[in-house]
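Note that the sequence shown covers residues 6 to 342 in the numbering used here.
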Amino acid sequence: MAWLGETRGLDCDEATLSVLDAAVTRWRLQLDACVFPMLAQWVRHTINEQRLGAACVIYAHLAYLYRNILEANLDRRGVATLLTAQIFLNIHHAYISEPDPPQPVGFDGKEEHVRRGVKRSEFSSDPQGGVETSIPEIELCDIFTRHRGGLIRWLDATSSSLRASVLEAIVRTITFTRRCESLSGRGVSPFTSIQPDATTGSQLAPRSWNSIPLPGYAGRYMPDTEVPQLMTAARPLVDESFEQWLRRVTTTAVDTEVNAQLGEFTLKRHAVRALDDQLRSLPDMVDIFGPPTSETRLQCAEVRHTTRRSWLRLVGRRHDLQYWDADYNRPPQPMKS
């Protein structure tokens, strides 16, 4: 094992290093052979039961298993686990360690005044401020940041079929289109062994996934079926200025994208995210979906955003949400005669 750093004042001879290497190897085997299958079974049950709060806790611990793994030891299961955990937590977990709370929106659409020194948990519809993962959120972010480069290099260097199987498994897990099955075999990701959902009984062949073929898009992967559409959109139009072309190309989004840089999943040109707590607690939302809890966080994707209106689509709920903010521009007063 290659040790990445030295501890000042601690000198180890070869015999001591061999003992440490053997201990690390035993711990790694225990984590891979015992702890990982147990957590994978738990996350399978929580996702099938739609207990998203508990699933976030388990995904955080699955990612923590790979906290100190070296880039050279990354494999298919490790890459799939780290990426799935990051995207799943970004969508479903309510981070409470952000420095600034969100601006609250009143029932009249106006932004309410925020007093100084307010904690983010006071704005959450969940009185507990979200589900605690038992792992500091800063440490979770450090894990994902530490392995970001290694994950991208592994995906770029591996075979096309292996990369496709990993990314397709991530898409299936995030969109709940297929449910996790029991594990079988060491070294295989739990997110690649699946069973069809009741509504989708077909077994679809995995698509080929590659990095988006544009400058500055490293670590952003899309299926090959959407590459022609993206390349067509990048061609300049007739009588189009450079400014118009640059704005159009830089804002063009593909229908399906897995962003390993930021841990985001884009579906139908909009990133999937958790619905804001203030919108989730509106009376109409409570009447339809019940009181908000940490286990029933709704996913949404933006359909359209205009000056005063936001249009959100609730993923898998067959409902859309549109809300307007107040127009503070007053009409001009008539001139006095």
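The beta-carbon is built from N, C-alpha and C at its ideal position, and this holds for glycine as well.
Residue burial classification, residue i (beta-carbon count within 10 angstroms, cutoff 16)
| i | result |
| --- | --- |
| S246 | exposed |
| W32 | exposed |
| M290 | buried |
| C185 | Here the model assigns C185 a pLDDT of 47, short of 50, so the residue's position is not dependable and the matter cannot be decided. |
| H98 | buried |
| C305 | buried |
| F159 | Per the sequence presented here, residue 159 reads as Trp, with Phe not at that position. So W159 ends up on the buried side. |
| T86 | buried |
| R177 | buried |
| R309 | exposed |
| T311 | exposed |
| E262 | buried |
| L34 | exposed |
Whether residue i touches residue j by CB criterion (8 angstroms)
| i | j | result |
| --- | --- | --- |
| I157 | A223 | yes |
| P228 | R252 | no |
| A60 | I52 | yes |
| I148 | R72 | yes |
| W214 | L172 | yes |
| V24 | L70 | no |
| V254 | A239 | yes |
| N264 | R318 | no |
| I96 | R335 | no |
| I92 | I175 | yes |
| L67 | A90 | yes |
Pairwise C-alpha distance: residue j and residue i
| i | j | result |
| --- | --- | --- |
| W47 | I63 | 7 angstroms |
| N78 | P241 | 44 angstroms |
| V84 | Q283 | 34 angstroms |
| G295 | R313 | 27 angstroms |
| H50 | R13 | 46 angstroms |
| P220 | S166 | 24 angstroms |
| T230 | P218 | 13 angstroms |
| H152 | A162 | 15 angstroms |
| G58 | F270 | 19 angstroms |
| E339 | A331 | The identity of residue 339 in the sequence shown is Pro, whereas the question assumes Glu. When rounded, the distance between both Cα atoms is 22 angstroms. |
| V29 | P141 | 24 angstroms |
| Y328 | L303 | 16 angstroms |
| V232 | L36 | 39 angstroms |
| P288 | I101 | 24 angstroms |
| L15 | D26 | 16 angstroms |
| L94 | E307 | 19 angstroms |
| A45 | M236 | 39 angstroms |
Strand pairing of residue i, partner residues [DSSP]
| i | result |
| --- | --- |
| Q304 | A279 |
| S315 | H310, Y328 |
Next on the checklist: List, from N- to C-terminal side, the alpha helix (DSSP H) runs of 4 residues or more that fit wholly inside the segment 208-288.
Outcome noted: As for any alpha helix (DSSP H) of minimum length 4 sitting wholly inside the segment 208-288, the runs are 232-239, 247-255, 282-285, ordered along the chain.
Item to check | Every unbroken alpha helix (DSSP H) inside the segment 37-92 [4 residues or more] | outcome: You should have 41-53, 57-69.
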